[in-house]
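Here is the structure we will look at, set down as structure tokens.
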Amino acid sequence: MQQQDNVPIVARLVRRGAGDSGKNVSILALAAAAFGAQQPPDRTPPTGFDPATVALFEGLVECAYLVANADGVFDEREREAFERLVHASCGGVVSGRQISALLDDFEALLEEDGLDARLEAAASAFTRKVHAEEGLRVAVAMAHASSGVSAEERALIDRLATRCGLTPEDVAAACAEVEAELERARASAGAST
Numbered sequence: 160m161q162q163q164d165n166v167p168i169v170a171r172l173v174r175r176g177a178g179d180s181g182k183n184v185s186i187l188a189l190a191a192a193a194f195g196a197q198q199p200p201d202r203t204p205p206t207g208f209d210p211a212t213v214a215l216f217e218g219l220v221e222c223a224y225l226v227a228n229a230d231g232v233f234d235e236r237e238r239e240a241f242e243r244l245v246h247a248s249c250g251g252v253v254s255g256r257q258i259s260a261l262l263d264d265f266e267a268l269l270e271e272d273g274l275d276a277r278l279e280a281a282a283s284a285f286t287r288k289v290h291a292e293e294g295l296r297v298a299v300a301m302a303h304a305s306s307g308v309s310a311e312e313r314a315l316i317d318r319l320a321t322r323c324g325l326t327p328e329d330v331a332a333a334c335a336e337v338e339a340e341l342e343r344a345r346a347s348a349g350a351s352t
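Position one of the sequence shown corresponds to residue 160 (this note's numbering), numbered consecutively onward.
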């Protein structure tokens, strides 16, 4: 059975604001602009550069990365889909080179520190509940980017939510939002064929 590519749908979902908040762009997309503006370490940061916003972006993307690794496998196909998802979710303001370097860092940190430490690090990037909710939403969206949420991914999402101080109801709401968006997109695609 051919696996459905939900990356374009999930990227649109992640790029826009959560729920009925009235926002037209997500926290991830806003933080991506700061991350994309980063200069190499030997260059002076641009005026207005905000390291806290860069850390927020990294925390949001790491949530998705950890979910993508929930089963212990992150092969070349998954990496390519992940890079496409992050690039599209950020509206293209983060370069492929930056995403690849970030993934290399996440891979090394996960191997060096272990899952519990990386969950804690990702959660610590969120200084407000709305940031944690966005991290959860991004993680759930990543789990749906291929063929649905596996038991390992769901368990990791629950652990992430706990680390972020979120409730099972918050997890259910994030899952319902992503699933509803996927259903709308599938129904729309079915109607246009």
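By construction, the Cβ of each residue, glycine as well, lies at the ideal position given by its N, Cα and C atoms.
If you drop the 5 nearest sequence neighbours on each side, which residues of the same chain put their C-beta closer than 7 Å to that of Leu-353? Outside the modelled stretch of the chain, which goes from 160 to 352, sits residue 353, for which no answer is possible.
How would you write the range of the alpha helix (DSSP H) that Phe-285 sits in, first residue to last? Taking the sequence shown and counting its residues from 1, the one referred to as residue 285 is at position 126. Premise fails: Phe-285 is in no alpha helix (DSSP H) and is neither H nor E.
Would you please state the rounded distance, in angstroms, between the beta carbons of Met-301 and Ala-214? I believe it to be under 8 Å. Along the sequence shown, one-based indexing puts residue 301 at 142. Along the sequence shown, one-based indexing puts residue 214 at 55. Rounded, the Cβ-Cβ distance is 19 Å, inconsistent with contact.
For the region 247–259 and the region 310–327, state whether three or more C-beta atom pairs, one from each stretch, are separated by less than 8 Å. These segments do not touch.
Sequence-distant residues of its chain with Cβ nearer than 6 Å to Leu-274 (five each side left out): Walking along the sequence shown from the start, residue 274 turns up at place 115. Counting only Cβ-Cβ distances below 6 Å, and skipping sequence neighbours, we find nothing.
How should Ala-223 be labelled, buried or exposed, when 16 other C-beta atoms within 10 angstroms of its C-beta is the threshold for buried? For this step, residue 223 is matched to residue 64 along the sequence shown. Of the residues assessed, Ala-223 falls on the buried side of the cut-off, its CB having 16 or more other CB atoms within 10 angstroms.
My parser needs the alpha helix (DSSP H) runs of 4 or more residues fully inside the region 267–346; what are they? Counting whole runs of 4 or more residues, the region 267–346 contains the alpha helix (DSSP H) stretches 274–283, 288–302 and 310–322.
On a CA-only basis, which of Asp-272, Glu-270 and Glu-239 is nearest Arg-256? Give me that one, please. The sequence position of residue 256 within the sequence shown is 97, counting from 1. It is Glu-239.
Alpha carbon to alpha carbon, how far is Ala-346 from Pro-210? As a working note, residue 346 is residue 187 in the sequence shown. As a working note, residue 210 is residue 51 in the sequence shown. Whole-angstrom Cα-Cα distance: 41 Å.
Chain-order list of residues whose beta-carbon lies under 7 Å from that of Cys-323 (same chain, five-residue window excluded): Against the sequence shown, residue 323 aligns to sequence position 164. Correct list, in chain order: Ala-282, Phe-285, Ala-291, Gly-294 and Leu-295.
Rounded to a whole number of angstroms, what is the C-alpha to C-alpha distance between His-246 and Gly-218? Position 87 of the sequence shown, counted from the start, is the residue given in the question as residue 246. Position 59 of the sequence shown, counted from the start, is the residue given in the question as residue 218. Rounded to whole angstroms, His-246 to Gly-218 spans 16 Å at the Cα level.
Does DSSP put Ser-259 in a helix, a strand or coil? Counting from 1 along the sequence shown, the entry for residue 259 is found at position 100. In this structure, Ser-259 counts as helix in the three-state DSSP scheme.
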